[in-house]
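For the record, in the sequence shown the residue sitting at position 70 is 70 according to UniProt numbering, with numbers rising by one throughout. Cβ coordinates follow ideal geometry from the N, Cα and C atoms, glycine included. Heads up, the thing below is written out as structure tokens.
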Amino acid sequence: MPMGGHVVARRAAMAPAHPETCQRPRLSLPAVAVITRTKDRAVLLHRAMESVLSQTEADWIHVVVNDGGEAAPVDRLAAAFADRYAGRLHVIHNPRSLGMEAASNVGLRASDSRYVVIHDDDDSWTPEFLATTTAFLDGAADGSVAGVITHSVRVDERIVGDRVEIDRRQPYNDWVRSITLFRMAGGNMFPPISFLFRRSMLEEVGYYREDLPVLGDWEFNLRFLARRDIGVLALPLALYHHRPGNTNPAYANSIFGAQDKHALYDALIRNELMRRDLDSGRLGLGTLVNLGQHLSLLELKLNALFDAARFSFRVLETVLAPLRWLSRTWRRLRGR
Numbered sequence: 001m002p003m004g005g006h007v008v009a010r011r012a013a014m015a016p017a018h019p020e021t022c023q024r025p026r027l028s029l030p031a032v033a034v035i036t037r038t039k040d041r042a043v044l045l046h047r048a049m050e051s052v053l054s055q056t057e058a059d060w061i062h063v064v065v066n067d068g069g070e071a072a073p074v075d076r077l078a079a080a081f082a083d084r085y086a087g088r089l090h091v092i093h094n095p096r097s098l099g100m101e102a103a104s105n106v107g108l109r110a111s112d113s114r115y116v117v118i119h120d121d122d123d124s125w126t127p128e129f130l131a132t133t134t135a136f137l138d139g140a141a142d143g144s145v146a147g148v149i150t151h152s153v154r155v156d157e158r159i160v161g162d163r164v165e166i167d168r169r170q171p172y173n174d175w176v177r178s179i180t181l182f183r184m185a186g187g188n189m190f191p192p193i194s195f196l197f198r199r200s201m202l203e204e205v206g207y208y209r210e211d212l213p214v215l216g217d218w219e220f221n222l223r224f225l226a227r228r229d230i231g232v233l234a235l236p237l238a239l240y241h242h243r244p245g246n247t248n249p250a251y252a253n254s255i256f257g258a259q260d261k262h263a264l265y266d267a268l269i270r271n272e273l274m275r276r277d278l279d280s281g282r283l284g285l286g287t288l289v290n291l292g293q294h295l296s297l298l299e300l301k302l303n304a305l306f307d308a309a310r311f312s313f314r315v316l317e318t319v320l321a322p323l324r325w326l327s328r329t330w331r332r333l334r335g336r
């Protein structure tokens, strides 16, 4: 399938591109393939397209996988942005929804590039994201470093009609200074929007697991770190958007709209890996992810205890302050 132009593909029959939407082909391999999976969220997809088009690094191709959603809104956006994309957009319409990870794999297999990144339709970047992350990997002297993340900013928002209203922004994972397999075993440390990696890793560790409706990114990250390393850029260049009060299922975040499913598949992944360890008779990733989970829960409890202790200390200071003042005043009066 050609990589040039604004190409609209119907995956069911792998139909050729509609001739009226084809533009000039690319003559060289792009640095980055940006993969966006979407379904009936035109308001958010519009922002995602703006996010990609606003990058200071222009050597990319954007693959939008419409995973079983209505085709017309996606095609309208593609047409509206056609001049700015200048041949760097590739749209694929899945006739039925295949799921998040399968949609990612469709986009990955339909593209070619040195690097890849998953840009969900509801997330966004600052303009410097691609330039900064590609420069890091281009200059990575250690061959073991095959990916890089930036820090993320959590953005709480609401959908009001055809508008997105921002409620607040706050650091999401600014505590991360390095990515270790041991820490990742406890739970995912970064969202996909912040992670650029070498395409060659797909051959080394495999694609995203299509049998996982949630947590596919975490499972992929575990396989990735079992073979290679991930660098960290302590810059807040990725915007991780949340809609905690959302009531429309189409605009839900899976972390809020599918919490029970997250808990179930978290256990399934950990148990699956642990059984592999038991079958092999060796300590391995299964032991690590279960030990990591236990330590992460212990850390949360300790942090809660420290927070409670700090609060109690502040309350005690508030109570003691006037007593100290009275004591000093009494001593001065007695000394007269």
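Looking at residue j and residue i, is the spacing between their C-beta atoms short of 9 Å?
i, j, result
"residue 205", "residue 190", "no"
"residue 69", "residue 47", "no"
"residue 233", "residue 150", "yes"
"residue 110", "residue 93", "no"
"residue 37", "residue 159", "no"
Could you give the distance in angstroms between the alpha-carbon of residue i and the alpha-carbon of residue j?
i, j, result
"residue 273", "residue 291", "12 Å"
"residue 185", "residue 222", "7 Å"
"residue 171", "residue 157", "15 Å"
"residue 332", "residue 324", "12 Å"
"residue 97", "residue 31", "29 Å"
"residue 82", "residue 282", "54 Å"
"residue 115", "residue 310", "45 Å"
"residue 229", "residue 220", "13 Å"
"residue 95", "residue 312", "58 Å"
"residue 284", "residue 276", "8 Å"
"residue 201", "residue 260", "31 Å"
"residue 345", "residue 288", "Residue 345 falls outside the range modelled here, since the chain spans only 1 to 336, and no answer is possible."
"residue 231", "residue 140", "9 Å"
"residue 56", "residue 128", "6 Å"
"residue 207", "residue 245", "33 Å"
"residue 49", "residue 314", "47 Å"
"residue 280", "residue 235", "41 Å"
"residue 168", "residue 262", "25 Å"
"residue 99", "residue 72", "20 Å"
"residue 317", "residue 155", "35 Å"
"residue 286", "residue 271", "7 Å"
"residue 354", "residue 322", "Outside the displayed range of the chain (1 to 336) lies residue 354, so it cannot be described from this structure."
"residue 58", "residue 266", "37 Å"
"residue 84", "residue 203", "32 Å"
To the nearest whole angstrom, what separates the beta carbons of residue i and residue j, a pair I think is in contact under 8 Å?
i, j, result
"residue 120", "residue 193", "6 Å"
"residue 107", "residue 35", "4 Å"
"residue 125", "residue 237", "6 Å"
"residue 241", "residue 122", "5 Å"
"residue 188", "residue 218", "4 Å"
"residue 113", "residue 61", "7 Å"
"residue 117", "residue 195", "6 Å"
"residue 349", "residue 198", "Residue coverage of the chain in this structure runs from 1 to 336, which leaves residue 349 outside it and unanswerable."
"residue 101", "residue 209", "6 Å"
"residue 145", "residue 239", "Not quite, the Cβ-Cβ distance comes to about 24 Å (not below 8 Å), so this is no contact."
Could you tell me whether the stretch 151-170 touches the stretch 74-90, where touching means 3 or more Cβ pairs closer than 8 Å? no
If you pair each beta-carbon of the stretch 129-146 with each one of the stretch 207-216, do three or more pairs fall below 8 Å? no
Entirely within the stretch 45-125 and at least 3 residues each: give me those beta strand (DSSP E) ranges in chain order. 60-67, 89-94 and 115-118
Touching or not, the stretch 99-119 and the stretch 46-65, by the rule of three or more beta carbon pairs under 8 Å? yes
Please list the segments of the beta strand (DSSP E) lying wholly inside the stretch 156-201, counting only runs of 3 or more residues, in order along the chain. 163-171 and 195-198
Start-end ranges of the alpha helix (DSSP H) lying completely within the stretch 202-240, minimum 4 residues: 216-225
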